[in-house]
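Engineer: There's a structure below that I have some questions on.
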Ligand code: TXA
Ligand code: MG
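Structural data, given as structure tokens:
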């Protein structure tokens, strides 16, 4: 049986105790809600994969309270230090070499010699990890293949009784998952997933990032259709039909849709990112033939917004 708990001091302490006892706790981060287990607890980490119906070859991000905790299990080189200085805590995950001999469950890394590390900025996430005293492995708290949850209600709707406790702190301010940069090889810096921190801000510090299309993708969760609503998505829409829903952007959406939600009437990409998943969920519940989506500019956070929309628009694949 799960419980929705307000994210106040008592709630956070209760959640930390639950984590220490091997239970699964969903908690808010500035990006999306995560489904957490202590990284050293094989059995609890295994339950994350069951709860999400996630394939075991897809590794989890280890969340640390601060850089010192992160450096306890991962090697940060000079580039990683520079990015951590600028963007931690915040929506940036670094894929780094895993230190040997550290008690991180091999299920967290899917047996890889690298580990995804992030120091979240949300005060509730940080206090929860501090209180727990150990890094917390946490994928987004949705069923595998669905849109990530940006509210506690989304978590309950997706995971139901598979989660033991949900810390509720309202909507997530960024609304898109973290940007993932792979620095595990000394001469390469690869953008594995665009996200809540724009490519431009990272490149300003460490130079150009190799793209996700330029080679074999080593983040197994990044392949194919991922952020999947039930209705077909029609991207780049400038007109809309009467039996469609419209996901609009900017001050002048076309008229005529059965239902319209506007990501940002003033055309602000950060506002659009924060609204994206919740609005996709709401439109997906409407009785419409398809969801039409207006064009979104490609720069800044637009890269991640367009990435999620493209994945959501792909046809269903016959994969696990
Ligand atoms: O914002 C976020 O990143 C959220 C919050 C909860 O922190 N978490 C999140 O986790 O989005 P998840 O599991 O939904 O996505 C993490 C992605 C997956 O695609 C996984 O394959 C990749 O990170 N990943 C994790 N560890 C990796 C590693 N060692 N090498 C390559 N990719 C890795
Ligand atoms: Mg996810």
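Numbering (this note's numbering), first residue to last: -6 to 313.
Backbone N, C-alpha and C fix where the C-beta goes; we use that ideal spot for every residue, glycine too.
Tell me which same chain residues have a C-beta within less than 6 Å of the C-beta of residue 227, skipping the five on either side of it?
Structural biologist: Counting only Cβ-Cβ distances below 6 Å, and skipping sequence neighbours, we find 283, 285.
Engineer: Let me know if residue 48 comes out buried or exposed under the rule of 16 or more other beta-carbons within 10 Å of its beta-carbon.
Structural biologist: Classification for residue 48: exposed.
Engineer: Considering residue 192, what are the terminal residues of the alpha helix (DSSP H) in which it resides?
Structural biologist: 192 to 199 is the span of the alpha helix (DSSP H), which, as asked, contains residue 192.
Engineer: If you drop the 5 nearest sequence neighbours on each side, which residues of the same chain put their C-beta closer than 8 Å to that of residue 149?
Structural biologist: Same-chain partners within the cutoff: -5, -3, 156, 159.
Engineer: Decide if residue 18 is buried, meaning its Cβ has at least 16 other Cβ atoms within 10 Å, or exposed.
Structural biologist: Classification of residue 18: buried, given that the 10 Å Cβ count is 16 or more.
Engineer: For residue 126, count neighbouring C-beta atoms within 10 Å of its own C-beta (all shown protein chains included) and say buried if the count is 16 or more, exposed if not.
Structural biologist: Under this definition residue 126 is an exposed residue.
Engineer: Among 133, 71, 254, whose alpha-carbon lies nearest the alpha-carbon of residue 46?
Structural biologist: Checking every option, the nearest Cα to that of residue 46 belongs to 133.
Engineer: Report buried or exposed for residue 237, applying the criterion of at least 16 other Cβ atoms within 10 angstroms of its Cβ.
Structural biologist: Per the 10 Å Cβ criterion, buried.
Engineer: Where do the ends of the alpha helix (DSSP H) carrying residue 125 lie?
Structural biologist: Looking at the DSSP string, the run of the alpha helix (DSSP H) that includes residue 125 is 116 to 125.
Engineer: Which one of 252, 28, 146 has the shortest CA to CA distance from residue 137?
Structural biologist: Of the candidates 252, 28, 146, the one whose C-alpha sits nearest the C-alpha of residue 137 is 28.
Engineer: Specify whether the stretch 288 to 298 and the stretch 182 to 202 touch according to this definition: at least 3 beta carbon pairs, one from each stretch, less than 8 Å apart.
Structural biologist: A contact exists between the stretch 288 to 298 and the stretch 182 to 202.
Engineer: Excluding five sequence neighbours on each side, which residues of the same chain lie with their C-beta closer than 7 Å to the C-beta of residue 117?
Structural biologist: Within the same chain, residue 117 has close Cβ partners 0, 5, 20, 21, 160, 162.
Engineer: Name the residue from 93, 54, 43, 178 whose alpha carbon lies nearest to the alpha carbon of residue 66.
Structural biologist: The shortest C-alpha separation from residue 66 is found at 93.
Engineer: Would a C-beta distance cut-off of 8 Å place residue 247 and residue 233 closer than the cut-off?
Structural biologist: Contact flag set, yes.
Engineer: Does any heavy atom of ligand 1 sit closer than 7 Å to the C-beta of residue 111?
Structural biologist: Yes.
Engineer: Identify which residue in 68, 269, 42 has its Cα closest to the Cα of residue 164.
Structural biologist: Among 68, 269, 42, the Cα nearest to that of residue 164 belongs to 269.
Engineer: Round the Cβ separation of residue 23 and residue 113 to the nearest angstrom and send it over; I've been treating them as touching at under 8 Å.
Structural biologist: Contact holds; Cβ gap of about 6 Å.
Engineer: Quick one: grab the DSSP three-state call for residue 51.
Structural biologist: Residue 51 falls in the coil class under three-state DSSP.
Engineer: Can you tell which of 103, 58, 130, 63 has the C-alpha that lies nearest to the C-alpha of residue 31?
Structural biologist: That would be 130, whose Cα lies nearest to the Cα of residue 31.
Engineer: Looking only at its own chain, which residues have a Cβ that is under 8 Å from the Cβ of residue 7, when we skip the five neighbours before and after it?
Structural biologist: So the qualifying residues of the chain are -2, 158.
Engineer: To test your reading of the DSSP string, which unbroken beta strand (DSSP E) runs of 3 or more residues are found completely within the stretch -4 to 66?
Structural biologist: Listed in chain order, the complete beta strand (DSSP E) runs (minimum 3 residues) inside the stretch -4 to 66 are -4 to -1, 18 to 20, 27 to 31, 54 to 56.
Engineer: At a cut of 8 Å, does the stretch 95 to 102 reach the stretch 54 to 71 through at least three beta carbon pairs?
Structural biologist: At 8 Å Cβ cutoff, the stretches touch.
Engineer: Just the Cα atoms here: how many angstroms apart are residue 168 and residue 279?
Structural biologist: Cα to Cα, the separation comes out at about 22 Å.
Engineer: Taking the continuous alpha helix (DSSP H) assigned at residue 304, which residues delimit it?
Structural biologist: Its alpha helix (DSSP H) spans residues 295 to 306.
Engineer: Looking only at its chain, what residues have a beta carbon closer than 7 Å to the beta carbon of residue 253, apart from the 5 residues adjacent to it on each side?
Structural biologist: Around residue 253: 239, 241, 246.
Engineer: At which residues does the alpha helix (DSSP H) containing residue 152 begin and terminate?
Structural biologist: Looking at the DSSP string, the run of the alpha helix (DSSP H) that includes residue 152 is 145 to 152.
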